[in-house]
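Read the structure below first, then the notes.
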Amino acid sequence: MGITYSCLRPLHPDAARLFADLLLQKYPRLVEGNGRLARAVEIAGHGSAPIRIGTDWPGTYEVYSLTRPGSYYIVDPRRRSCTCPDSQKGAVCKHRLAVAIMTIGPDLEDEHQYRLARERNSR
Ligand SMILES: [Zn+2]
Numbered sequence: 159m160g161i162t163y164s165c166l167r168p169l170h171p172d173a174a175r176l177f178a179d180l181l182l183q184k185y186p187r188l189v190e191g192n193g194r195l196a197r198a199v200e201i202a203g204h205g206s207a208p209i210r211i212g213t214d215w216p217g218t219y220e221v222y223s224l225t226r227p228g229s230y231y232i233v234d235p236r237r238r239s240c241t242c243p244d245s246q247k248g249a250v251c252k253h254r255l256a257v258a259i260m261t262i263g264p265d266l267e268d269e270h271q272y273r274l275a276r277e278r279n280s281r
């Protein structure tokens, strides 16, 4: 039986920026990341360089390179790791940030909708 890959749907670029801003509010030191957050926004909102659910290890993501087509890095949020050279040097790399933006976004959006609905109902 073959392996099926599951792609995360790319975010609208505006949504990717919004979720990056929310991350930045929570973790202000990310701004020291040497442009990594801006690159992560690019990855999260990019239609042709998908982020896939990792197939080799449960709970991981494969983040495809925008500069080297076909190659990807494996992000493991629980271990706070990525297989790229930047991460090996101890940085919170753009791939980890891209996964954070992709995975935190929809939840925050849901929460926002939930709160709006509650406010409407309590009037
Ligand atoms: Zn990385």
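For the sequence shown, our numbering begins at 159 and goes up steadily by one. Quick reminder that beta carbons are idealized off the backbone N, C-alpha and C, glycines included.
- 253 is the residue among 176, 217, 187 and 253 whose C-alpha sits nearest the C-alpha of residue 225.
- Looking only at 213, 187 and 223, the smallest Cα-Cα distance to residue 256 is reached by 223.
- In the DSSP assignment, residue 200 falls within the alpha helix (DSSP H) that extends over 194-202.
- The closest heavy atom of ligand 1 lies 6 Å or more from the beta carbon of residue 204.
- When the beta-carbon positions are compared, residue 212 and residue 219 come within less than 7 Å of each other.
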